[in-house]
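Asker:
2 protein chains.
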Amino acid sequence: MRELPVQLATKLYGAAELIADQGLDNTKIDDIAEASGVPKATLYYYFTGKEEILAFLLKDLLTAIAGDVAVAVNAEGPASERLAGVVRAQLGVMLRNPAPCRALVGDLGRATRLPELAAALSAAFYEPVEKLLREGAEDGSLRRAEDPMSEAVMIFGTVTIAGLMEAIMGAHREMDAIANGVARLLLDGLAPRTTGAAGA
Amino acid sequence: MRELPVQLATKLYGAAELIADQGLDNTKIDDIAEASGVPKATLYYYFTGKEEILAFLLKDLLTAIAGDVAVAVNAEGPASERLAGVVRAQLGVMLRNPAPCRALVGDLGRATRLPELAAALSAAFYEPVEKLLREGAEDGSLRRAEDPMSEAVMIFGTVTIAGLMEAIMGAHREMDAIANGVARLLLDGLAPRTTGAAGA
DNA sequence: CAGATGTTGTACTTAGAGTACAAACTCATA
DNA sequence: TATGAGTTTGTACTCTAAGTACAACATCTG
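Chains as they are written, first to last, in my numbering: chain S, 361 to 560; chain H, 361 to 560.
#1: Applying a beta-carbon distance threshold of less than 9 Å, which residues of chain H neighbour threonine 472/S?
#2: Can you tell me which of the three DSSP states valine 398/H falls into?
#3: Methionine 514/H CB to nearest chain S CB: under 8 Å?
#4: Between proline 508/S and chain H, is there a C-beta pair that is closer than 8 Å?
#5: Distance check for glycine 496/S and aspartate 385/S, CA to CA, integer angstroms please.
#6: Put methionine 535/S into one of helix, strand or coil per three-state DSSP.
#7: Name the chain S residues whose beta carbon is nearer than 7 Å to that of isoleucine 521/H?
#8: Arginine 503/H CB to nearest chain S CB: under 8 Å?
#9: What does a CB cutoff of less than 7 Å around alanine 483/S pick up in its chain, not counting 5 residues either side in sequence?
#10: Does phenylalanine 407/S come out as helix, strand or coil in the three-state DSSP assignment?
#11: Look at the alpha carbon of glycine 509/H and the alpha carbon of tyrosine 486/H, and state the distance between them as a whole number of angstroms.
#12: List the whole-angstrom C-beta distance separating aspartate 379/S from leucine 414/S, where the pair is believed to meet the contact cut-off of C-beta under 8 Å.
#13: Taking CB distances under 8 Å as the criterion, tell me whether glycine 559/H reaches chain S.
#14: Excluding the five sequence neighbours on either side, which residues of its own chain have a C-beta within less than 6 Å of the C-beta of valine 465/S, listed in chain order?
#15: Just mark glutamine 450/H as buried or exposed, buried being the case when its beta carbon has 16 or more other beta carbons within 10 Å.
#16: Here's a check: name, in chain order, each residue in its chain whose Cβ is nearer than 6 Å to the Cβ of proline 458/S, leaving out the five neighbours to either side.
#17: Are the beta-carbon atoms belonging to leucine 481/H and phenylalanine 416/H less than 8 Å from one another?
#18: Just the Cα atoms here: how many angstroms apart are alanine 560/S and glutamate 363/H?
#19: Tell me, to the nearest whole angstrom, how far the beta carbon of threonine 520/S is from that of glycine 517/H; I am working on the premise that it is less than 8 Å.
#20: What separation, rounded to the nearest whole angstrom, lies between the Cα atoms of arginine 456/S and alanine 424/S?
#21: Could you check where the alpha helix (DSSP H) with lysine 388/H kicks off and where it finishes?
#22: Whole-angstrom Cβ separation of valine 398/H and valine 446/H, contact assumed at under 8 Å?
#23: The alpha helix (DSSP H) spanning threonine 472/H covers which residue range?
#24: From what residue to what residue does the alpha helix (DSSP H) around methionine 361/H run?
#25: Give me the chain S residues within the contact set of leucine 546/H, using Cβ-Cβ distance strictly less than 7 Å, ordered along the chain.
#26: Run the CB neighbour count on proline 460/S, radius 10 Å, all protein chains shown included, and call it buried at 16 or more, exposed below.
#27: Check distances from the C-beta atoms of the stretch 380-403 of chain H to those of chain S and list, in chain order, the residues that come in under 9 Å.
#28: Strictly below 7 Å CB to CB, what residues from chain H border valine 542/S?
#29: So is aspartate 499/H buried or exposed if we call it buried at 16+ other beta carbons inside 10 Å?
#30: Report yes or no: is there a C-beta of chain H within less than 8 Å of the C-beta of leucine 422/S?
#31: Can you tell me whether valine 433/S is buried or exposed? The criterion is at least 16 other CB atoms within 10 Å of its CB, across all chains shown.
#32: On the CB-based measure, 16 or more other CB atoms within 10 Å of its CB, does methionine 361/H come out buried or exposed?
#33: Give me the Cα-Cα distance between lysine 491/S and phenylalanine 407/H, rounded to the nearest whole angstrom.
#34: Can you find a C-beta in chain S that's less than 8 Å from the C-beta of glycine 500/H?
#35: Starting from the C-beta of alanine 505/S, find all residues in its chain whose C-beta is less than 6 Å away, skip the five residues before and the five after it, and write them out in chain order.
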């Protein structure tokens, strides 16, 4: 894949909604060309096909998430608070980019099949969160996990599905309300607590 | 879609792995015919196309999950224990049917686009769990949720991603170990508890 | 200005989804 | 056992849309 100009990359987002709505295989390359304003011949100059176009969009999204998540992970404060920050960060990116986010989740299979994307996903999320879980065990703000990696994956699942639901439904709730709900579930769990750990 | 013979339905599962590996659009109808042993002409006699074949497989999976989840929801005991049972039920079906399960998650987009599947998903999971959350608030074994529906969705996400990870990696851990990890995260949360609520 | 590299229109090839249809087969029942 | 309805399947077909080829034009770099 050739290095592609910023202006072109920007235009591609115009097709994200289309792909998210219809799925990649119901979307014709000509439709993508029309929706993005980039001629078909140009698309093929930069990409080998539809799949690669979607992969580009998704990788871009994951990079954005990775950036915001990294900031949250490396912030000040106890790990539990930083974890809440991670949740806010991921949901923030998802709600700001609903179309690519829907496309990503709608095509999770593709994402797991393309090694490049799987790696990006891992770097964007699993690794930082896993690190955070370890730090939480150190500073005492989180319990010690038996299997931090699989907990990190579950956390990703929880946040992603919550974000997706909002993206599909058109985000009728405020971002903070959603993030608080997710953080509360993750930190406090569903069982009642006598001593609350995460505030509302 | 015509009423289809049991024997044929069974054969179709032979193609599930193929679809899960490659994704639906990289799988030729002729490949499905070959892998399942059902001739292409017969496939078109019963289905209008690829999409409908996948939809059938997924609906079947969701029906299986719905059945097991219903049993767990309506069991004896406090809601918190029954919720752990729900987790075990869903993971059980997923680990017993890794291929359709991967195909489902790989094509979540399609699943949300096909109304019939969305309805099946809702009936299979969201509604029973939502009910369970309400009952837990009554019997005191679960805290009262502000928004039971969205919590149900998050729970589904957590369990699904955990199950998917195992399905992709080839289930190296025992089902019970996975289920316990998930249940612990959901019930107890990540923050340390002085008074444990869910056992290991 | 020259050449390299990027951009796009147009015309083409080709894979594979889905259709048409007839022959054969199954099975109930008159 | 003959008749006919529904099922099963092979073969041959159509047609959409993915992807390729290529030439003309644009833009940028030295």
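We put the CB at the ideal spot given by N, CA and C, even for glycine.
It should be emphasised that the depicted structure is a prediction, and the values quoted were computed from it without experimental measurement.
Answerer: To lay it out plainly:
#1: Working through the first sequence from its first residue, we reach residue 472/S at position 112. Near threonine 472/S (Cβ distances below 9 Å), the residues of chain H are Arg462, Val465, Gly466, Leu524, Ile528.
#2: The residue given as residue 398/H occupies position 38 in the second sequence. Coil at valine 398/H, not helix or strand.
#3: If you number the second sequence from 1, residue 514/H lands on position 154. Yes, methionine 514/H lies at the interface with chain S (some Cβ there is under 8 Å from its Cβ).
#4: The residue given as residue 508/S occupies position 148 in the first sequence. Proline 508/S does not count as touching chain H.
#5: Indexing the first sequence from 1 puts residue 385/S at position 25. Indexing the first sequence from 1 puts residue 496/S at position 136. Computed Cα separation, rounded: 43 Å.
#6: Counting from 1 along the first sequence, the entry for residue 535/S is found at position 175. Helix at methionine 535/S.
#7: As a working note, residue 521/H is residue 161 in the second sequence. By Cβ distance, chain S contributes Val513, Met514, Phe516, Gly517.
#8: Taking the second sequence and counting its residues from 1, the one referred to as residue 503/H is at position 143. Judged by the 8 Å Cβ criterion, arginine 503/H is in contact with chain S.
#9: Position 123 of the first sequence, counted from the start, is the residue given in the question as residue 483/S. Cβ within range, chain order: Ala426.
#10: Here the question's residue 407/S lines up with position 47 in the first sequence. DSSP places phenylalanine 407/S in coil when its eight states are reduced to three.
#11: Within the second sequence, the letter at position 149 stands for residue 509/H. Within the second sequence, the letter at position 126 stands for residue 486/H. Before going further, note that residue 509/H is methionine rather than glycine in the sequence given. Looking at the two C-alpha atoms, the distance is approximately 7 Å.
#12: Mapped onto the first sequence, residue 379/S falls at position 19. Mapped onto the first sequence, residue 414/S falls at position 54. Before going further, note that residue 379/S is isoleucine rather than aspartate in the sequence given. Isoleucine 379/S to leucine 414/S, Cβ: 6 Å. Contact.
#13: Here residue 559/H refers to the residue found at position 199 of the second sequence. Annotation note: pLDDT 44 at glycine 559/H (below 50); position unreliable, coordinate value reported separately. For glycine 559/H, the answer is no, since every Cβ of chain S falls outside 8 Å of its Cβ.
#14: Within the first sequence, the letter at position 105 stands for residue 465/S. Once the five neighbours on either side are set aside, the close Cβ partners of valine 465/S are Leu524.
#15: Residue mapping note: residue 450/H aligns to position 90 of the second sequence, counting from 1. When all chains shown are included, glutamine 450/H counts as buried.
#16: Here residue 458/S corresponds to residue number 98 of the first sequence, with the count starting at 1. Answer for proline 458/S: Ala527, listed in chain order.
#17: As a working mapping, residue 481/H is identified with position 121 in the second sequence. As a working mapping, residue 416/H is identified with position 56 in the second sequence. For leucine 481/H and phenylalanine 416/H, no; Cβs fall outside 8 Å.
#18: The residue labelled residue 560/S in the question sits at position 200 within the first sequence. The residue labelled residue 363/H in the question sits at position 3 within the second sequence. Reliability fails at alanine 560/S, whose pLDDT of 41 lies under 50, so the model's placement of it is uncertain and no value is given.
#19: As a working mapping, residue 520/S is identified with position 160 in the first sequence. As a working mapping, residue 517/H is identified with position 157 in the second sequence. Correct: roughly 6 Å between the Cβ atoms.
#20: Taking the first sequence and counting its residues from 1, the one referred to as residue 456/S is at position 96. Taking the first sequence and counting its residues from 1, the one referred to as residue 424/S is at position 64. Each residue's Cα considered, the two are about 11 Å apart.
#21: Here residue 388/H refers to the residue found at position 28 of the second sequence. Here lysine 388/H belongs to no alpha helix (DSSP H), and DSSP marks it neither H nor E.
#22: For the purposes of this step, residue 398/H is taken as the residue at position 38 of the second sequence. For the purposes of this step, residue 446/H is taken as the residue at position 86 of the second sequence. That belief does not hold up - the Cβ atoms of valine 398/H and valine 446/H are roughly 35 Å apart, past 8 Å.
#23: Working through the second sequence from its first residue, we reach residue 472/H at position 112. That run of the alpha helix (DSSP H) goes 468-473.
#24: Indexing the second sequence from 1 puts residue 361/H at position 1. No alpha helix (DSSP H) contains methionine 361/H, which DSSP labels as neither H nor E.
#25: Counted from its first residue, the second sequence places residue 546/H at position 186. Gly549, Leu550, listed in chain order.
#26: Looking up residue 460/S in the first sequence gives position 100. Result: buried.
#27: Ala380, Asp381, Gln382, Gly383, Leu384, Asp385, Asn386
#28: Locating residue 542/S in the first sequence gives position 182, counting from the first residue. Result: Met514.
#29: Sequence index remark: in the second sequence, residue 499/H carries index 139 (1-based). Classification of aspartate 499/H: exposed, given that the 10 Å Cβ count is below 16.
#30: Position 62 of the first sequence holds residue 422/S. It does not; no Cβ of chain H falls within 8 Å.
#31: Within the first sequence, the letter at position 73 stands for residue 433/S. Buried, because 16 or more other Cβ atoms sit within 10 Å of the Cβ of valine 433/S.
#32: Here the question's residue 361/H lines up with position 1 in the second sequence. So methionine 361/H counts as exposed.
#33: Locating residue 491/S in the first sequence gives position 131, where the first residue counts as 1. Locating residue 407/H in the second sequence gives position 47, where the first residue counts as 1. The alpha-carbon atoms of lysine 491/S and phenylalanine 407/H are separated by roughly 48 Å.
#34: What you label residue 500/H is simply residue 140 of the second sequence in a count that begins at 1. Closer than 8 Å: yes.
#35: Reading the first sequence from its first residue, position 145 is the one you call residue 505/S. Cβ within range, chain order: Leu493, Glu511.
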